[in-house]
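Same order as they appear, the protein sequences are chains A and B. The first sequence: position 79 = 79 (our numbering), numbered continuously. Convert by adding 1000 to the 1-based position in the second sequence; the result is the number in our numbering. Think of the CB as a built atom: it goes at the ideal place given N, C-alpha and C, for glycine as much as any other residue. Here's the structure, in structure tokens; my notes come after.
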Amino acid sequence: METAVTKTGTEDKIWGGGNEPLKVSYGKMMMWFFIVSDALTFSGFLAAYGFSRFKFIDSWPIADQVFNHFPFLHGVDAPMYYVALMTFILIFSSVTMVLAVDAGHHMKQKKVILYMFLTIIGGAIFVGSQAWEWKNFIKGEYGAVETKGGQILQFLDTDGHRVALKDIAIVDSHKDRTQHERKNGIWFDKEAALPTYTVEEIRAGFAKNKDLLIRTQLLTEKGEKTILSREESLRRLKADAIGVVEGANLIHNEYGTPLFANFFFFITGFHGFHVLSGVIINIIIFINVILGTYERRKNYEMVEKVGLYWHFVDLVWVFVFTFFYLV
Amino acid sequence: MAHDTAHHESNIGRIWKVFFLLSVITIVEVILGIIKPAFLIETTVISMKLLNWIFIILTIWKAYYITWAFMHMEGETKGLRRSVVWTAIFLICYLIFILLTEGDYIYEVFKGGYKAWDF
């Protein structure tokens, strides 16, 4: 059989190099090598996430309170639905991939083309969804106040609903604090973007509105965030608050400890990068299938190999989903 | 080549069955995650909530199906299967054990009041 797989011409000799003790081709074997090492890389990240989480076990953010957006449902609290949808999309693209591999075994070019196309579309939708998730996370929704010790204080009304900074702050129109830009200084130096409101404005608004309470990061016995009494809230805001946080980046995070944001960006980012490369590799193989390369080779092993990678990406997502959104 | 096109049975039926199973497990996870039944949260098994254990077990179950059915591990030789699965599982368990133990220790140090952090 003529194939594109490298042959030494000494396959009949035991030590000739054509021996396959594990009954898989060289290419598939190397894909397994890669998958095992990549699985250990991801495990390292997730284990490090677990380490930080155990370190702050009584103050870690609750995923339901962080990821609760769904497209076109503004202001509706929809925890998990979106990420569940993303998981389905990825699992389904894994199914179409395995169907493509199956069609390849039977040398059905048309079917391989169809299924690989669906796989690529699924992967692209997934990457897009993840970008949307990132956008919501970075932008934030309600905003919070940061304390001297780097703790986050969030605002609630007496019914337990979140209250946004813009509904609290009494804007002081006489403030003379402006953003320092590069062009205004005596030296070419600028400052980080100023938040929309100052701590004083939040304090003033909070003192006026008697319905407001503060929620801290500390978890109660039941695994819910602690809500302070009105007096304690006022004291805490007066004594400890030093800055306003809107959204999340690598240094400040309105949802809780910055470590949560760091791990979120790093792990889902690394996984998203895997999906992106998977989509690109799939497109390359897809073009080859259309061109009839594998038809001429008389085997579709290449589809099988990218399939292995694609399923691996799905496998990793199953774990990321559990540890970021469920546990 | 290891694969001859001739001895490949079409197993489309099995693929859809596995997809159905994975979907059901995911739906169960999401429902549990939204409802969070009180007794599963209040019960603690080996220093973790029972609900979290259920999530982890369901996840490993899903991982098993993805590897065995989709990545076709069930069709590989015993040698390949063991060198991939056992190696990964051993190293991952080891890593998780050390890091989580250490993380818990640091938590105890923080809680013990040696270091003020909530201010």
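Residues, ordered as in the chain, of the region 25-43 of chain A that lie near chain B by beta-carbon distance below 7 Å: S25, W32, V36, A39, L40, S43
A:V171 classed as buried or exposed, judged by whether at least 16 other C-beta atoms fall within 10 angstroms: exposed
Counted within 10 angstroms of its Cβ, other Cβ atoms place B:I1027 as buried (16 or more) or exposed: exposed
Cα-Cα separation, A:M86 to B:L1091: 29 Å
Distance cut-off 7 Å: A:V303 Cβ against heavy atoms of the ligand NAD: With respect to the ligand NAD, the structure offers nothing, as it holds no ligand at all.
Endpoints, alpha helix (DSSP H) assigned at A:Q65: According to the DSSP assignment, A:Q65 belongs to the alpha helix (DSSP H) that extends over 63-66.
Chain A contact for B:L1100 (CB, 8 Å cutoff): yes
CB contact check: A:E2 to chain B, cutoff 8 Å: Because A:E2 sits at a pLDDT of 48, beneath the cut-off of 50, its placement in the model cannot be relied upon, and the point is left open.
Endpoints, alpha helix (DSSP H) assigned at A:I287: 269-291
CA-to-CA distance, A:L218 to B:G1033, given in whole angstroms: 21 Å
Residues within the region 140-164 of chain A neighbouring chain B, beta-carbon criterion of under 9 Å: T147, K148, G149, G150, Q151
Span separating the alpha-carbon of B:Y1065 from that of A:K148: 48 Å
Length-filtered (3 minimum) beta strand (DSSP E) runs lying within the region 128-152 of chain A: 144-147
Interface residues of the region 46-78 of chain A facing chain B [CB-CB below 9 Å]: L46, A47, A48, G50, F51, S52, R53, F54, K55, F56, I57, D58, S59, A63, D64
contact_flag[the region 1058-1076 of chain B, the region 307-327 of chain A] where n(CB pairs < 8 Å) is 3 or more: A contact exists between the region 1058-1076 of chain B and the region 307-327 of chain A.
According to DSSP, residues forming a beta bridge with A:I214: A:F155
Within-8 Å CB hit, A:V95 to chain B: Output row for A:V95: interface = yes.
Proximity of A:Y325 and A:A48 at Cβ, strictly below 8 Å: no
Same chain, Cβ closer than 6 Å to A:M97, neighbours up to 5 away in sequence not counted: T119, G307, W310
Expected contact under 8 Å - CB spacing of A:G123 and A:V279 to nearest Å: 4 Å
Spatial distance of B:H1003 from B:R1082 (CA atoms): The predicted model places B:H1003 with a pLDDT of 47, which falls under 50 and marks its position as unreliable; any figure quoted below should be read in that light. Each residue's Cα considered, the two are about 21 Å apart.
Simplified DSSP state of B:N1052, which is helix, strand or coil: Secondary structure at B:N1052: helix, using DSSP grouped into helix, strand and coil.
For A:I138 and A:E246, the rounded distance between their alpha carbons: 9 Å
Residue-level contact to chain A via CB, B:K1062, 8 Å cutoff: Taking 8 Å as the CB threshold, B:K1062 lines the interface with chain A.
Interface flag, B:Y1114 vs chain A, CB-CB below 8 Å: no
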